[in-house]
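**Q** Following this message is one structure expressed as structure tokens.
Residue numbers (my numbering): 44 to 226.
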């Protein structure tokens with residue numbers, strides 16, 4: 044398919060985030076990178092690589108099935124609000140040594156506990172960007188980043204785009220966005 048045709052599809056502009064239900068939240072970042080590549084750099088190699096990454100993220104259930112039962116609780120703790128004591132506190136809460144926790148994350152989730160927690164915070168920020176008009180600085184604070192700059196850096200690492208670009212693509216008119224809650 045010619046690049047002009049691929050770029051004209053504008054899937055990201057028409058498909059609401061809620062139209063796609065994936066079991067693994069990290070697959071959303073893969074979908075975003077794929078849609079961005081289709082629009083901006085539709086080379087065969089890039090598209091093939093991103094498709095394979097997305098299929099892997101969406102279907103990798105073998106590792107999850109063999110993961111120790113305490114790993115699910117550790118993931119919950121890191122997703123909700125990482126404890127002040129970091130990895131050591133999470134390890135203590137689930138009853139394992141911090142080194143064993145880190146190794147289990149690497150083996151079953153292909154990331155460190157800190158990377159996992161950061162990715163979840165970025166995904167929460169992406170959800171807020173897609174659904175609200177909340178200023179980026181407030182979203183950064185609400186999702187545990189010390190400032191907007193740190194959120195932007197982490198966001199680009201996961202999605203390959205700035206938070207502003209992400210918001211503009213998902214809500215070009217802004218009409219679907221809700222106003223931020225008053226405090």
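Ideal placement from N, C-alpha and C gives every residue a C-beta, glycine not left out.
Taking the alpha helix (DSSP H) that residue 170 belongs to, which residues open and close that run?
**A** Segment 156-174, the alpha helix (DSSP H) holding residue 170.
**Q** Tell me the DSSP secondary structure of residue 190 in three-state form.
**A** Note: residue 190 maps to coil in three-state DSSP.
**Q** Could you check the C-alpha separation between residue 164 and residue 88 for me, to the nearest Å?
**A** If you take the alpha carbons of residue 164 and residue 88, they lie about 30 Å apart.
**Q** Apply the 10 Å Cβ neighbour rule to residue 142 and answer buried if 16 or more other Cβ atoms are within range, or exposed otherwise.
**A** With fewer than 16 other Cβ atoms within 10 Å, it is exposed.
**Q** Secondary structure at residue 206, three-state DSSP: helix, strand or coil?
**A** Here residue 206 sits in helix by DSSP.
**Q** Report the rounded CA-to-CA distance for residue 188 versus residue 213, giving the unit in angstroms.
**A** Roughly 22 Å between the two C-alpha positions.
**Q** Are the CB atoms of residue 130 and residue 120 within a distance shorter than 8 Å?
**A** Their beta carbons are not under 8 Å apart, which means residue 120 does not touch residue 130 by this criterion.
**Q** What separation, rounded to the nearest whole angstrom, lies between the Cα atoms of residue 80 and residue 138?
**A** Between residue 80 and residue 138, the C-alpha separation is close to 43 Å.
**Q** Return the CA-CA distance between residue 205 and residue 112, expressed in angstroms with no decimal places.
**A** So the two alpha carbons sit approximately 36 Å from each other.
**Q** Is residue 212 helix, strand or coil when you go by DSSP?
**A** Three-state DSSP puts residue 212 in a helix.
**Q** Using the Cα positions of residue 155 and residue 179, report the straight-line distance between them to the nearest angstrom.
**A** Rounded to the nearest angstrom, the two C-alpha atoms are 26 Å apart.
**Q** Assign residue 81 to one of three DSSP states: helix, strand, or coil.
**A** Helix, per DSSP.
**Q** Rank 157, 150, 185 by C-alpha distance to the C-alpha of residue 128 and give the top, closest one.
**A** Measuring from the Cα of residue 128, the nearest candidate turns out to be 157.
**Q** Please list the terminal residues of the continuous alpha helix (DSSP H) segment that includes residue 133.
**A** That run of the alpha helix (DSSP H) goes 129-137.
**Q** Nearest-angstrom Cα distance between residue 176 and residue 160?
**A** Roughly 24 Å between the two C-alpha positions.
**Q** Decide if residue 186 is buried, meaning its Cβ has at least 16 other Cβ atoms within 10 Å, or exposed.
**A** Under this definition residue 186 is a buried residue.
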